[in-house]
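Data first, discussion second: the structure below is written as structure tokens.
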Amino acid sequence: MKINGKNCLKKSNNLTAGGQLWKEVKQEVDYLLKPQVLSEAEQHVRAANLSRIVLIDNLQNAIETENPSQAEIASFQNRKGHRLTWKAYHRLADIHDFFDVLAKTYPDICSVETIGYSLQKRPLKILKISNGNPGNPGIWIDGGMHAREWISPATVTFIANQLVEGWDDMPEYMRNVNWYIHAVANPDGYEYTHTTDRLWRKNMRSHGRQCPGVDLNRNFGYKWGGKGTSANPCSQTYRGSKAFSEPETFYISKFISNYPRDTFHAYLSFHSYGQYILYPWGYDYHLTSDKSDLDRVARQAGTTITKQSGGKYTIGSSATTLYPAAGGSDDWAKGFVGIKYSYTIEMGDTGRYGFVLPASHIESNGRDGYTFVDTVARAVTQGKYSRKRAF
Ligand code: 0X9
Ligand code: ZN
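Numbering (numbering that gives the first Met the number 0), first residue to last: 0 to 390.
Shown next, in the form of structure tokens:
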């Protein structure tokens, strides 16, 4: 059962052993509880006079109905030469084949690059989309850093598909960007959520007999090891043995750092859930000196999303809006690489289904994600042109 209740549950050791913390923001927590600890949880909630809502009564059932059947998925498929649809969640192979098919079908604008390999030797594959002008501002998009956040790779591939299939009718500010799209930044973890444990978050680093996994979004080399990170391998937020100890984060940093410093103008990392557009800093409550620019663009995106789909996104700095957490990719992109527009967007939903969001929600999330990316691209290219005018 997944319940939404308040913090007191955390203080009971019994409950933490019989549960999994899904989300904790300010005064609200989402907890996944085993049946054995349910009545104890009820007592805690009542004793502390707190409110609780049952969101998912039967998680196994939610997991089983999240994705359509294989037969249904097959019936959704079109004749574009790949198996990807945005009516179902797909395995890694379908996502990677989709990239390859795009590169084959649209060689003038698309290419695929393997930037390295994961711990279990899966390719870290990125799709580049460009009109061929090396001087365009670059925008990096990643998804799937946390394995269980399935809506993230689904949204990122939706965006890639919109960009490529709609390229000829795209506004100039979208075509004058070099796009770098890494849909599944944690491929081993992603596959593990499909085969073994739907709620796995970290990568698949083994630490001998101890609990496996490093939280990739605590492993980047900016303020590594600070607040909101754990030195305990069993923690969901284990930071790893050192900054960039994991190939999945190391190869992202290597790829981006190999380009001249002013190549990337935006770094957009897709996560879930909660519907937030977050900007640095995440490691602590401080704000950046250009915070008003990041806030303005995020608010533009939020307003447009609400107008178009009714979806509401909460906007603010990561630490103040969610919680402080160091070693995130967004902080590294801004603090170390110097990429101005660095955001983490937490896609839907706001908690009804959490990580186990039915596949019927992919398209609406995809459209919201696309609006966000469109708004950032406009800001980036406008910034570029206004700088040009200044000279
Ligand atoms: O905790 C995270 O890594 C992100 N939330 S999630 O629920 N998807 O795990 C938020 C990251 C925000 N950015 C930083 N803290 N740097
Ligand atoms: Zn995440």
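We treat Cβ as the ideally placed atom computed from N, Cα and C, and that holds for glycine.
Within 7 Å, strictly: CB atoms of T228 and G326 = In contact: T228 and G326 (Cβ atoms closer than 7 Å).
Rounded straight-line distance, which links the Cα of R51 to that of V44 = Rounded to the nearest whole angstrom, the CA to CA distance from V44 to R51 is 7 Å.
Hey, how far is the Cα of K333 from the Cα of S341?
-> In a straight line, the C-alpha of K333 is about 6 Å away from that of S341.
Extent of the continuous alpha helix (DSSP H) to which A318 belongs | Element bounds for A318: S317 to T320.
Excluding the 5 residues preceding and the 5 following H95 in the sequence, name in chain order all residues of the same chain whose CB lies nearer than 6 Å to its CB.
-> Scanning its chain for C-beta atoms nearer than 6 Å, with the 5 sequence neighbours on each side dropped, one finds around H95 the residues K124, in chain order.
Say yes only if the C-beta of E434 is nearer than 6 Å to one or more non-hydrogen atoms of the ligand ZN, and no if none qualify.
-> Look at the range of the chain in this structure, 0 to 390, and you will see that residue 434 is not part of it.
Per DSSP, cross-strand counterpart(s) of A265 | A265 is bridged by DSSP to I138 and Y340.
What is the DSSP secondary structure of S68, reduced to helix, strand or coil?
-> For S68, the three-state secondary structure derived from DSSP is coil.
CA-to-CA distance, W331 to D289, given in whole angstroms = Straight-line spacing of the CA atoms in D289 and W331 works out to 16 Å.
Express the C-alpha separation of C109 and K103 in angstroms, rounding to a whole number.
-> Straight-line measurement puts the Cα of C109 at about 8 Å from the Cα of K103.
What are the start and end residues of each continuous alpha helix (DSSP H) run of 4 or more residues lying completely inside the stretch 335 to 380, in chain order?
-> Whole alpha helix (DSSP H) segments, 4+ residues: zero.
Confirm the yes/no value for this check: CB of S317, any heavy atom of the ligand 0X9, distance under 6 Å.
-> Here the distance from the Cβ of S317 to the nearest heavy atom of the ligand 0X9 is below 6 Å.
Would you say C210 and P186 are within 7 Å of each other, going by their C-beta atoms?
-> Their beta carbons are not under 7 Å apart, which means C210 does not touch P186 by this criterion.
Fully enclosed by the stretch 32 to 115, which beta strand (DSSP E) runs are 3 residues long or longer?
-> The stretch 32 to 115 is shown to contain whole beta strand (DSSP E) runs of 3 or more residues at 52 to 55, in chain order.
Separation of Q59 from L37, as counted between CA atoms | Those two C-alpha atoms are separated by around 16 Å.
With hydrogens ignored, establish whether the beta-carbon of E23 is closer than 6 Å to any heavy atom of the ligand ZN.
-> With a cut-off of 6 Å, the C-beta of E23 is classified as distant from the ligand ZN, since no heavy atom of the ligand falls inside that distance.
Around the Cβ of S205, are there at least 16 other Cβ atoms within 10 angstroms (buried) or fewer (exposed)?
-> The C-beta of S205 has fewer than 16 other C-beta atoms within 10 Å across all chains shown, which makes the residue exposed.
Which of helix, strand or coil DSSP assigns to T228 | Of the three classes helix, strand and coil, the one that applies to T228 here is coil, per DSSP.
Give the secondary structure of W149 by DSSP, where H, G and I count as helix, E and B as strand, and everything else as coil.
-> Coil, per DSSP.
Closer than 6 Å: T104 CB and nearest the ligand 0X9 heavy atom = Every heavy atom of the ligand 0X9 is 6 Å or more from the Cβ of T104, so no.
State whether the stretch 129 to 144 contacts the stretch 75 to 85, with contact taken as three or more CB pairs (one from each stretch) at a distance under 8 Å.
-> In short, these stretches do not touch, since the Cβ pair count stays below three.
Alpha carbon to alpha carbon, how far is I338 from V379?
-> Rounded to the nearest whole angstrom, the C-alpha separation of I338 and V379 is 11 Å.
Spatial neighbours of I150 in its chain, beta-carbon cut-off 6 Å, leaving aside the 5 residues before and after = For I150, where only same-chain residues beyond five positions count, the Cβ hits under 6 Å are S271, M346, L356 and N364.
Counting along the chain, where does the alpha helix (DSSP H) carrying H193 start and finish?
-> That run of the alpha helix (DSSP H) goes P186 to T194.
Report yes if the C-beta distance between Y189 and L91 is below 7 Å; otherwise report no.
-> In this structure, L91 lies closer than 7 Å to Y189 by Cβ.
Would you call E64 buried or exposed, if buried means 16 or more other Cβ atoms sit within 10 Å of its Cβ?
-> Sequence inspection shows Thr at residue 64; the Glu mentioned does not correspond to that position. Classification of T64: exposed, given that the 10 Å Cβ count is below 16.
Which one of H145, S129, D196 and A184 has the shortest CA to CA distance from E171?
-> Taking the Cα of E171 as reference, the smallest distance to any Cα among H145, S129, D196 and A184 is reached at S129.
I361 versus D348, Y312 and Q42, residue with shortest Cα-Cα distance | Ranking the options by Cα distance to I361, first place goes to D348.
Have a look at I140 and A61 and give me their C-alpha separation to the nearest angstrom.
-> Looking at the two C-alpha atoms, the distance is approximately 29 Å.
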